[in-house]
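Mapping to the numbering used here: the sequence shown position 59 is 132, numbers consecutive.
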Amino acid sequence: MNPPSNDLQYASQNRPRVRVAAVQMVSTPRVDENLRTAATLIAEAVAGGAALVALPEYFPIMGISDADKVRVREFDGHGPIQDFLASSAREHAIWLIGGSLPLSAEHPEKVLNSCLAYNPQGQRVARYDKIHLFGFRQGDECYDESATIEAGRQVVGFATPFGRVGLSICYDLRFPELYRALGVTDLLVIPAAFTETTGRAHWEILLRARAIENQCYVLAVAQAGRHENGRETHGNSMLIDPWGVIIARQAKGPGVIIGELDPNRLAEVRANLPALRHRVM
Numbered sequence: 074m075n076p077p078s079n080d081l082q083y084a085s086q087n088r089p090r091v092r093v094a095a096v097q098m099v100s101t102p103r104v105d106e107n108l109r110t111a112a113t114l115i116a117e118a119v120a121g122g123a124a125l126v127a128l129p130e131y132f133p134i135m136g137i138s139d140a141d142k143v144r145v146r147e148f149d150g151h152g153p154i155q156d157f158l159a160s161s162a163r164e165h166a167i168w169l170i171g172g173s174l175p176l177s178a179e180h181p182e183k184v185l186n187s188c189l190a191y192n193p194q195g196q197r198v199a200r201y202d203k204i205h206l207f208g209f210r211q212g213d214e215c216y217d218e219s220a221t222i223e224a225g226r227q228v229v230g231f232a233t234p235f236g237r238v239g240l241s242i243c244y245d246l247r248f249p250e251l252y253r254a255l256g257v258t259d260l261l262v263i264p265a266a267f268t269e270t271t272g273r274a275h276w277e278i279l280l281r282a283r284a285i286e287n288q289c290y291v292l293a294v295a296q297a298g299r300h301e302n303g304r305e306t307h308g309n310s311m312l313i314d315p316w317g318v319i320i321a322r323q324a325k326g327p328g329v330i331i332g333e334l335d336p337n338r339l340a341e342v343r344a345n346l347p348a349l350r351h352r353v354m
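This is the structure:
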């Protein structure tokens with residue numbers, strides 16, 4: 074069945090160009106330290122003109138063990154990490170996306186891996202709980218997020234003056250049906266802590282595929298280096314346009330990338346190749 078026509082109203086003439094930023098980090102097991110680092114990098118992004126800034130998955134903590142994030146989990150709406158995000162958005166008058174942080178779950182020994190979005194007034198406008206939980210085993214390298222994380226159930230998007238933003242986290246990137254369920258979006262924000270092994274093989278190609286097939290911008294926000302727990306994350310935060318062109322990228326280490334969302338480019342791609350209108354499933 075074709076999607077409703079109002080899903081594809083671009084209204085590009087009425088939308089401003091906007092600069093967006095990805096804050097790349099190499100987070101530690103210490104929440105206070107990570108928040109100070111995030112604050113410095115957010116300020117750098119704002120100085121570069123960014124109106125929307127996104128942080129990576131696990132930005133407040135990359136623990137020595139998986140259980141460390143359970144110990145610093147916060148109740149929804151309360152806690153130092155959430156206070157930091159709200160106050161940072163308000164202080165800088167930006168849209169701020171807190172890549173992911175641990176929130177209390179129904180299971181007492183697990184967390185929700187949650188991405189929170191705030192408007193320039195510091196009000197929370199969206200919460201997305203990671204749906205797909207990473208599991209991987211290759212030789213001595215082994216991950217099982219389901220041991221400490223409770224899966225989310227709902228796809229989440231929200232409106233801004235410069236378009237609709239869809240949220241997902243890391244392993245979600247491998248499941249294109251999630252992005253179809255979001256409907257038409259103008260920007261996908263994908264915070265992640267991809268391993269070096271899987272990232273080297275698949276990160277860029279999957280990101281560019283999501284941009285191309287959904288005809289939207291993709292802002293991928295990564296952890297990027299060797300962490301104190303021995304884990305190496307792939308990095309390569311990037312902004313990708315609706316044609317799959319990489320606009321900005323940072324390979325490794327903490328830093329900021331900034332690029333522009335151009336609504337005319339978005340409309341041009343969708344008009345020239347109206348794949349979103351051609352969907353039949």
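Yeah, the Cβ is synthetic: ideal placement off N, Cα and C, and Gly gets one too.
Using the Cβ count rule (16 or more neighbours within 10 Å means buried), how would you classify residue i?
i: Q288; result: buried
i: P315; result: buried
i: E301; result: exposed
i: A293; result: buried
i: S187; result: buried
i: A124; result: buried
i: H165; result: buried
i: G208; result: exposed
i: A274; result: exposed
i: N79; result: Reliability fails at N79, whose pLDDT of 41 lies under 50, so the model's placement of it is uncertain and no value is given.
Tell me, please, which residues DSSP counts as bridged to residue i.
i: E147; result: L176
i: I306; result: According to the sequence provided, residue 306 is Thr. The question's Ile does not apply to it. Note: T306 sits in a beta bridge opposite T268.
i: S187; result: L174 and D202
i: C215; result: R210
i: I319; result: I313
i: Q155; result: None; Q155 has no bridge partner.
i: L355; result: Because residue 355 is not part of the residues shown, which for the chain are 74 to 354, the question remains open.
i: R273; result: R273 pairs with nothing; no bridge assigned.
Check each candidate in the options and name the one with the smallest Cα separation from residue i.
i: L108; options: Q323, I134, A284 and A123; result: I134
i: L114; options: P102, P347, S138 and S161; result: S161
i: R226; options: A265, Q196 and I242; result: I242
i: S138; options: G195, C215, W168 and G121; result: C215
i: F132; options: P249, D149, D105 and A140; result: D105
i: V99; options: H307, R338 and I154; result: H307
i: D245; options: T101, A266 and A340; result: A266
i: S219; options: Q211, L206 and G256; result: L206
i: L279; options: N309, G332 and G212; result: N309
Locate the alpha helix (DSSP H) running through residue i, then write down its first and last residues.
i: I115; result: V104 to A120
i: R281; result: E277 to N287
Counting along the chain, where does the beta strand (DSSP E) carrying residue i start and finish?
i: A199; result: R197 to D202
i: Q97; result: V91 to Q97
i: A295; result: Y290 to A295
i: A124; result: Where A124 is concerned, there is no enclosing beta strand (DSSP E), given that its DSSP letter is neither H nor E.
Can you check the segment 218–266 for any alpha helix (DSSP H) of at least 4 residues that lies completely inside it and give the ranges in chain order?
249–254
Taking only runs of the beta strand (DSSP E) that begin and end inside the segment 323–352, which ones reach a length of at least 3 residues, in chain order?
328–334
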